[in-house]
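Top line first, the protein sequences correspond to chains A, B, C and D. Each position in the first sequence, counted from 1, maps to that position plus 122 in the numbering used here. Each position in the second sequence, counted from 1, maps to that position plus 122 in the numbering used here. Each position in the third sequence, counted from 1, maps to that position plus 122 in the numbering used here. Each position in the fourth sequence, counted from 1, maps to that position plus 122 in the numbering used here.
There are 4 protein chains.
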Amino acid sequence: MINKRKICVVITARPSYSRIRSALQAIEEHSELELQLVIAGSALLDRYGNAADFIRKDGFEAAAKVYMVLEGENPTTMAKTTGIGLMELTNVFYNLQPDAVITIADRFETIATSIAAAYQNIPLVHIQGGEVTGSIDEKVRHANTKLADIHLVSNEEARERVIRLGEDPEMVINTGCPSIDLASEIEDEEKLNFDPLEKYGGVGKNINWKDGYLVVMQHPVTSEYEKAREHIMETLYAVRDSGIPAFWFWPNVDAGSDGTSNGIRTFREQQNPENIHFFKNMDSLDFLRLLRHSKMIIGNSSAGIRECSYLGVPAIDIGSRQHRRLKAENVIHSGYDRKEILSKINELAESGSFASSTIYGKGDSGKRIADILAKIELRSHKSIQY
Amino acid sequence: MINKRKICVVITARPSYSRIRSALQAIEEHSELELQLVIAGSALLDRYGNAADFIRKDGFEAAAKVYMVLEGENPTTMAKTTGIGLMELTNVFYNLQPDAVITIADRFETIATSIAAAYQNIPLVHIQGGEVTGSIDEKVRHANTKLADIHLVSNEEARERVIRLGEDPEMVINTGCPSIDLASEIEDEEKLNFDPLEKYGGVGKNINWKDGYLVVMQHPVTSEYEKAREHIMETLYAVRDSGIPAFWFWPNVDAGSDGTSNGIRTFREQQNPENIHFFKNMDSLDFLRLLRHSKMIIGNSSAGIRECSYLGVPAIDIGSRQHRRLKAENVIHSGYDRKEILSKINELAESGSFASSTIYGKGDSGKRIADILAKIELRSHKSIQY
Amino acid sequence: MINKRKICVVITARPSYSRIRSALQAIEEHSELELQLVIAGSALLDRYGNAADFIRKDGFEAAAKVYMVLEGENPTTMAKTTGIGLMELTNVFYNLQPDAVITIADRFETIATSIAAAYQNIPLVHIQGGEVTGSIDEKVRHANTKLADIHLVSNEEARERVIRLGEDPEMVINTGCPSIDLASEIEDEEKLNFDPLEKYGGVGKNINWKDGYLVVMQHPVTSEYEKAREHIMETLYAVRDSGIPAFWFWPNVDAGSDGTSNGIRTFREQQNPENIHFFKNMDSLDFLRLLRHSKMIIGNSSAGIRECSYLGVPAIDIGSRQHRRLKAENVIHSGYDRKEILSKINELAESGSFASSTIYGKGDSGKRIADILAKIELRSHKSIQY
Amino acid sequence: MINKRKICVVITARPSYSRIRSALQAIEEHSELELQLVIAGSALLDRYGNAADFIRKDGFEAAAKVYMVLEGENPTTMAKTTGIGLMELTNVFYNLQPDAVITIADRFETIATSIAAAYQNIPLVHIQGGEVTGSIDEKVRHANTKLADIHLVSNEEARERVIRLGEDPEMVINTGCPSIDLASEIEDEEKLNFDPLEKYGGVGKNINWKDGYLVVMQHPVTSEYEKAREHIMETLYAVRDSGIPAFWFWPNVDAGSDGTSNGIRTFREQQNPENIHFFKNMDSLDFLRLLRHSKMIIGNSSAGIRECSYLGVPAIDIGSRQHRRLKAENVIHSGYDRKEILSKINELAESGSFASSTIYGKGDSGKRIADILAKIELRSHKSIQY
């Protein structure tokens, strides 16, 4: 009988789930691995799209659930949320006794996962380290790298950066990004095979999307949380003024999301825009389908940088949130000003789609991650390389 | 009227206090700075030497105190302690509203200070980053570096390492180690000006220290906490067998300190050693005096590496805890084996003292730190340099 | 110089503030008392009416603020919120060192205040114990009584009940309810002296309230939180069908409030009711003015039982939340069924106002509370009387 | 197939375990019940006798373990410990989904169990409510009663008191105290069947116990924690001066235990008493055997009141801790003064043993508790009876 390695994955938010789903599946299907799935933070909350529902529908079972999000959506509650998560996740790991813990990317609460594992001498695997952005994510990501033992990065540039950070090159592997795996599943579909309005309801006008539409997803930037309301307003005006039908997605839980949400609500009440329809959430695959057949994505979601590079969908990247992420040619940058955004919308609306890029992987990341987890030496101590 | 910069320093343990004391004084005396002192963790506990008492006697006032040490002294309680600290320190900073927060070195709970400040966009100053050791401290220290905005390191090698970690060179300054400041205060005293037995009591035999004595201080190593009892026993036997009078200091709070404490207690009961006297704690200056006039220090305390380099006192560094720290010629390494330790004791007992080294500073670190804090640009965001 | 007694009052929600405001003022103005005001929980949150804003506008200063509400609005997060509050409030009291702590009534998180004080041997004053209701409040209130040393109750029946619970009769005093103090301030105003729509905005239709209107405020009942959505729907239909203009107030933070909020949102979107206007919040005095000149209040708010008894305003009390509260003749009860509610609306719409009752006090409660706090023996230990 | 009721029992300390052990066994053996055992607090800590070890040796398996004791042993850390426990136990119950939770007696942290269950609408069973003592326990016990749905009390007087507290008489049942069950197991043994010194080691002189000995167990009293050191010293002198061989047990974890421990340590070092031997811990049955054959028990342990009433062993009850507990004729009270204690030792040393009393049960409590748990209506809401 094989003694399976127990791999504990902590999902704390809807976008993290989308990003890791194919790896979860590969872990579950791997004969030498056992998946221990922990659902925590905003992934349990209706206000943030309740990823737990999607996870259950996808057939995964939770080994533990942890409520940990403190209300307030400001820097103070972000820090306290992380403290609560650290206390609770420590207890969860203590009871589950995993052979390795996976922490995903750079959301503020991911460092709770990292510390709870590292301090308990459980080998820590960090997915998607080595990238560069603005805001608090930048500090969190590299701190996660320094707490982690094994680094499964999503691109070559990230791999080199993690090694420059003093990590053992043998423990830094470019697996590509599992989010590309999902994109690869639907890239050949020739048209949108569901009606978003019918399937997901949402609120706002019933736009006519069949002749082309925008997708918008703009999260608050932590370090500028008071400006969140102002920034989102600019994008709202630009999209409204473009006149192109648009599907707009609600932001995730971060300090300032209240500013963003508030801005959206106010704009809706006051302007009642004819060409914008709002969604809180969507199944990951359907969201990729929506992107795949859109004119472009607007905002600061990583989907514009990652999945859209592979899908060849144009992306307007607004503001500092994705600053210095590795980008393919599908991405153009814009400031927060509504005029600049509008002019770039018009520019890209003409350009059509781009060639597919594989800088973030070829669609086999989940499987590669599982294979590595089954074979790599698991150790929980290290020393900087220089 | 000058608007003083509020500098919040969090002390979580007795040794951290010794290490920062001269900087606290310099901050308090600086006309452009205001000190906000937070005493937390084991610094409040009798079992670990109650640094709070020494702090008060030294004339510093606490702006807030935080009990946060969870009992158990194992990896699980270390992680949970950090979570509790993160929740509470966040609240403390939220109420004190400092202009900058100082986190010290690499104890496991220092990352709570770092996160509480970084997530609340308060500029974070890390003291004594860039060094290298074994055990969990190694992860904590470099994670602190990645969360911090300003790095005040204690030696040139550390400065180069922090810069290689991707930090802005302008924000990485070698101030030397403030612990050397204390050492410089007493380096000219020609003999021990107090009787340790009389002044500090302690337990064990009343040894005759006047013709030369050893100082021993050996902390458990987190990653090997089950071996703590075994390791301390080896050192106890070696010191006992040397026959040289020895002052032995109780370990600090870490996972495994119970193993260490237990080993010491058992050894005392069973062997009742003639030549060893035990202390729980000592005023920092007196401790340096004791070192200054000793034959050598034995164990794995950083005092052997730092203060003793400046004082020229021989040091036997046992095991992995100070692995890869920058060391002057006063330090020789030993494994945990009692025979090896004994032979090195005998070797160093002959060698006499060494020339003073300034690799860890010249005695002006506290003042330099205060001057920098008064003038440096305070910012709470950064991006990796490569 | 008088050594003032430091009285620490913890406000955790908007309704608690309204209920205690006159006592806060009396404490602050009392020559032998010093007020230490702690604002915590939902009182800090925009989603629940941000009582902190009103408190500041009223001229009170916070000695400390504590974020403690965990998101999720279910029984699990209620319990964890209480645990977080207990940790943090303990620290706050430890630093403020009050001579007495006041805990208010029976919200779930008030037991955190009680324990934090009782365990630290700080005399605990419980306001508004001895009443009877359904749901978890019932357990919380009597547990608060058993943790408290001094009981300032709001009516004679409550006084007798607290004594039957084994408390020392000398420590149980009927001060009346401070909420009546506010009501007494405005009872003589002959008509509504502000335009609610203009002054508070809100959402929904601009109803014509000048010829009479309803006020509705219905909170979820903890023990039935899954039914919250269904219950609120029944009331919404009844009020809509009455055709009488109505001001509807958003519920407070409790398990299930999401069900209630969700019900309200859904109803608004689907039914777009002509005669209902929605508010999130209102200054306490303005709210009383609104009640004073309304046709009746509907729902399960304690305002219908307390302030409206004094103001003589008819009240329809729906469901189990106020079950067994002492009620004057202005209150009639209704089940959750829309037909029953509608028929009682029609019945009361005819009845006109009632005579003022003083079962909950005469308008001098705040002053009486302050006087007692200045003189009563403060002790933190007790034994049951039988 | 029978759907077993899941009964979650939370053990937070060594003495609670002794008190509930026979009920645990009866629950585990009952065909309609499933035991979910949670081990938490000081029950996990070596310093307090590590009940977890005894539990495991007795064959019980833990469903979850929770570290929650904050270091400091003062009122502040007691309150925070309770907050930590509340957060964690909430999560544990949320994952275990028990049909009922049992909270035991009146230790400060038991209210965490009570709130975590009550707020999550899980029927709460309180064991050993309705008794009366001094100190914080008094508040905790009655607050537990007001949070609980079912009351299994240990004597008739307690039953009447719980009913007077407003509880439904059908939900208040006198089962006797399970600790008597253990006592009944060994009451017929004619002499001590093990050598305490050999079996348990301990520290201090090797006393000659065969001709009669005392047992001493004195815990700090929370409300007087600064006096703990002074009080224990008085008892130490009295026992020393009696000249009778004595087995002395270390105190449990409470605010002030440091004062008590410190007093014991100091006394030992200074006086090195000839007739006292110290134990940290003992298997529950062996402890009862030790009591059964002793001359008397001295201190303030509940064992003197409960088990010794059944065993007929004389008890000197010192100070306020057991004030107003129901007592049989075996107990005489003493103040803290060493002369008074010594004179009562001499008095009782003459008296010999007492007749067995069944005021705390007949030895079938565990079984009765299990039977009730299998049959009683489980509900989580109640209203005061008057």
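Glycine included, each C-beta is placed from N, C-alpha and C at the ideal position.
Item	Value
Beta-carbon gap between residue 454 of chain B and residue 466 of chain B smaller than 8 Å	yes
Three CB pairs or more closer than 8 Å across the segment 164 to 178 of chain D and the segment 178 to 187 of chain C	no
Close beta carbons around residue 265 of chain B, own chain, < 8 Å, minus the five adjacent residues each side	233 and 236
Residue-chain proximity (residue 172 of chain A, chain D), Cβ-Cβ < 8 Å	no
Check whether residue 186 of chain A and residue 223 of chain A have beta carbons under 8 Å apart	no
Within chain B, the residues that residue 202 of chain D reaches when beta carbons sit closer than 7 Å	189
C-beta atoms of residue 492 of chain D and residue 148 of chain D nearer than 8 Å	yes
Boundaries (first-last residue) of the alpha helix (DSSP H) holding residue 493 of chain A	487 to 497
Proximal chain B residues relative to residue 251 of chain A, where beta-carbon distance stays under 9 Å	Near residue 251 of chain A there are no residues of chain B at all, since even the closest Cβ is about 11 Å away, more than 9 Å.
Segments of 4+ residues assigned as alpha helix (DSSP H) that fall wholly inside the segment 398 to 482 of chain D	406 to 414, 424 to 427, 429 to 433 and 460 to 473
Range of the contiguous beta strand (DSSP E) that encloses residue 209 of chain D	Run containing residue 209 of chain D: none in the beta strand (DSSP E); it sits in the alpha helix (DSSP H), 197 to 218.
Any non-hydrogen atom of the ligand NAP within 7 Å of residue 439 of chain A CB	Questions concerning the ligand NAP fall outside what the structure shown contains, since it holds no ligand whatsoever.
Interface residues of chain D facing residue 446 of chain C [CB-CB closer than 9 Å]	505 and 506
Selected residue, minimal CA-CA separation from residue 310 of chain B, among B/410, B/193 and B/299	B/410
Other residues of its chain near residue 228 of chain A: CB distance less than 6 Å, five sequence neighbours each side excluded	259, 262 and 263
Proximity winner among D/196, D/221 and D/230, relative to residue 127 of chain D (alpha-carbon distances)	D/221
Within-8 Å CB hit, residue 243 of chain B to chain C	no
Coil, strand or helix - residue 377 of chain D by DSSP	Low per-residue confidence applies at residue 377 of chain D: pLDDT is 49, beneath 50, and the placement is therefore not dependable, though the value from the model is reported in the following sentence. If DSSP states are grouped into helix, strand and coil, residue 377 of chain D belongs with coil.
Status (buried if at least 16 other CB within 10 Å, exposed otherwise) for residue 215 of chain B	buried
Straight-line Cα distance separating residue 250 of chain D from residue 488 of chain C	40 Å
Contact with chain B by residue 211 of chain D, beta-carbon distance below 8 Å	no
Residue 458 of chain A at chain B interface by Cβ criterion, 8 Å	no
Contact check, residue 479 of chain D vs residue 432 of chain D, beta carbons under 8 Å	yes
Nearest-angstrom Cα separation, counted from residue 352 of chain B out to residue 239 of chain B	39 Å
Own chain residues within Cβ distance below 8 Å of residue 267 of chain A, not counting five before or after	248, 251, 252, 273, 284, 287 and 289
Distance, residue 500 of chain B Cα to residue 464 of chain A Cα	36 Å
One or two residues paired with residue 370 of chain D in a DSSP bridge	D/338 and D/400
As assigned by DSSP and simplified to three states, the class of residue 222 of chain A	strand
Distance, residue 496 of chain D Cα to residue 155 of chain D Cα	6 Å
CB contact check: residue 258 of chain C to chain D, cutoff 8 Å	yes
Listed by chain order, chain C residues near residue 414 of chain D by CB distance under 7 Å	Under the 7 Å cutoff, chain C gives no residues; its nearest Cβ is about 32 Å from residue 414 of chain D.
Proximal residues of chain A, C-beta to C-beta of residue 495 of chain C below 7 Å	Correct list: empty, because the minimum Cβ distance to chain A is about 31 Å.
Sheet register partners of residue 187 of chain A (DSSP bridge)	A/161
Alpha carbon of residue 146 of chain B to alpha carbon of residue 494 of chain B, nearest angstrom	13 Å
Residue 291 of chain B classed as buried or exposed, judged by whether at least 16 other C-beta atoms fall within 10 angstroms	exposed
Check whether residue 210 of chain D and residue 213 of chain A have beta carbons under 8 Å apart	yes
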